[in-house]
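Below: the structure, in structure tokens.
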Amino acid sequence: MSRSFSFTHAICRAPSPSIVDGLRAVDTGAPDLDLFRAHHAAYVDALRDTGANVTVLPALDAFPDSVFVEDAALCLTEGAIVMRPGAPSRRGEAAAMRPTLETFYDDVREIDGPGFIEGGDILVTESEILVGTSARTDAAGVDALRALVADWDYRVREVQTPPDVLHFKTDCSLLDADTILCTRRLAASGCFDGYRQIHTADGEEAAANAIRFNQHVLLPKGFPRTAETLGKAGYDIRQIGNSEAAKLDGGMSCLSLRFRPAP
Ligand code: GLY
């Protein structure tokens, strides 16, 4: 049983009408709420299709980016950790997630200041937790996480999110216990040396934000060469529309917290 991609549960949050005010690096237009909802429903269906218990929380109008639940918390087997997002407009999302985490976990911890850390910068593999420093996550945030998970026996390794990339996982995802899907620009940093790597096709860098969830790999739609590579490698690919989340720099990992709490 893999602790990095075998999950019994996921938490998602419905997109809110305020999603049109979500943060974005480059404005390519407001997301269409109805289309976002349709993509979100397909995403939730793909998670449920694996037999997982998926909780969909109600939309939070006060937080335009709150559909991207991954940034608010890190869920491990032993417990959950409430993040401290670097984006000021997103800090309240983390506090809002805590009561839900407490319904699944006896042990819920919280990142203390002064550092910042967002879930999108954290990749959990079978052997370690990689955290990319970024505009949203700093070294003090990584140190705070390291201290909180030390007694759960996790090794935390600080790496770097490429410049001008929102989150570490914008550019990578776990495919199985040994294999990472990533962009060539991130691979060039050497942070995945020792792992088997599959690189996104040139021009398809946005395909890197995928998730392995039980038997499926959820991949954003629109990246046919990367999808073909993964299919040939034997992965069970589910392609999910992501055009509206992408307008806010969001992808497959951002839309859920995925976990298997200890029985
Ligand atoms: N729009 C997602 C984020 O910037 O956090």
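1 is the number of the first residue of the sequence shown in the numbering used here; add one for each residue after it.
Glycine included, every Cβ here is placed at the ideal spot set by N, Cα and C.
Keep in mind it's a predicted model, so treat the numbers as computed, not measured.
message: So for residue 253, helix, strand or coil by DSSP?
response: helix
message: Please give me, in chain order, every unbroken run of the beta strand (DSSP E) with length at least 3 that falls completely inside the region 138-165.
response: 156-160
message: Which same chain residues end up closer than 6 Å to residue 148 when comparing Cβ atoms and leaving out the 5 residues on each side of it in sequence?
response: 81, 109
field: Status (buried if at least 16 other CB within 10 Å, exposed otherwise) for residue 193
entry: exposed
- prompt: Taking the alpha carbon of residue 33 as the point to measure from, which residue in 61, 115, 49 has its own alpha carbon closest?
  reply: It is 61.
- request: Note down the Cα distance separating residue 1 from residue 8, rounded to an integer number of angstroms.
  value: Near 11 Å, if we compare the C-alpha coordinates of residue 8 and residue 1.
task: State the Cα-Cα distance for the pair residue 24 and residue 178, rounded to the nearest angstrom.
output: Roughly 32 Å separates the two Cα atoms.
field: Proximity to residue 257 [Cα-Cα], best of 201, 223, 57
entry: Among 201, 223, 57, the Cα nearest to that of residue 257 is on 57.
message: Below 8 Å, how does it come out for the region 37-45 and the region 152-160: are there three or more Cβ pairs, yes or no?
response: Taking 8 Å as the limit for Cβ pairs, the verdict is that the region 152-160 does not touch the region 37-45.
field: Backbone CA spacing between residue 91 and residue 85 [nearest angstrom]
entry: The straight-line gap from Cα to Cα measures roughly 5 Å.
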